[in-house]
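Worksheet: the structure to be examined is printed underneath.
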Amino acid sequence: MTRQHIAHIALVVRDYDEAIAFYVGKLGFVLVEDTYIPEQDKRWVVIRPPGSGPGAATILLARAADEHQARYVGDQAGGRVFLFLATDDFARDHAAFTEAGVEWHRGPATHDYGTVAVFRDLYGNLWDLIEFAPGHPLAG
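Heads up: the sequence shown begins at 14 in the working numbering, then just goes up one per residue.
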């Protein structure tokens, strides 16, 4: 039987340290690894949401290496929601993000699948903050 999972999702960023300050400082993500790779003059920077279990996908903060890549910073999904951050307590995280100065693109709304709001990261990528409704296949 084949067993596969997504290990990392690359997020193109302008600067490692400003990205770490936002994701770790404002959103409370955990810095898993920050290793300099001298032969490529880059860093391997991996973050994950707090409470993520083993095997859960992490985010690789990948600094744009050239002008072509730099054009996609903040627009990796062409203006659509790019990443979906599931939570076990929407009200707690929405309040914490708001207090930290996170910019909301769309305020909280409740649907049959759960409660959701859309926020912008420091580059403009759109994220869903979502608490799935009990009984939903993705509810934790």
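A virtual CB, placed ideally from N, CA and C, is assigned to each residue, including glycine.
Cutting at 7 Å between CB atoms, please list the residues of its own chain near residue i, excluding the five before and the five after it.
| i | result |
| --- | --- |
| His107 | Pro121, Ala130, Leu142 |
| Arg133 | Glu116, His118, Leu139 |
| Gln82 | Val25 |
With H, G and I counted as helix, E and B as strand and the rest as coil, what does DSSP make of residue i?
| i | result |
| --- | --- |
| Ile42 | It is worth fixing the name first, because residue 42 is Phe in this sequence and not Ile. Three-state result, Phe42: coil. |
| Val37 | helix |
Quick one, are the C-beta atoms of residue i and residue j less than 9 Å apart?
| i | j | result |
| --- | --- | --- |
| Ala99 | Ala20 | no |
| Val26 | Arg84 | no |
| Tyr29 | Asp47 | yes |
| Ile33 | Leu44 | yes |
With a CB to CB cut of under 8 Å and the five nearest residues on each side skipped, what residues in its chain are close to residue i?
| i | result |
| --- | --- |
| Ile22 | Ala70, Thr71, Ile72, Leu73, Leu96 |
| Gly92 | Leu139 |
Smallest Cα separation from residue i: which of the options?
| i | options | result |
| --- | --- | --- |
| Arg16 | Pro150, Gly68, Ile50, Pro51 | Gly68 |
| Thr128 | Ile33, Ala146, Gly137 | Ala146 |
| Gln89 | Gly38, Gly137, Pro150, Ala152 | Gly137 |
Excluding sequence positions up to five away, which residues of its chain have a Cβ less than 6 Å from the Cβ of residue i?
| i | result |
| --- | --- |
| Gly41 | Pro63 |
| Ala152 | Phe145 |
| Tyr49 | Arg56 |
Check whether the stretch 104–115 and the stretch 61–77 touch, using three or more Cβ-Cβ pairs below 8 Å as the test.
no
Worksheet item: Taking contact to mean at least 3 C-beta pairs separated by less than 8 Å, is the stretch 92–104 in contact with the stretch 47–58?
Response: no
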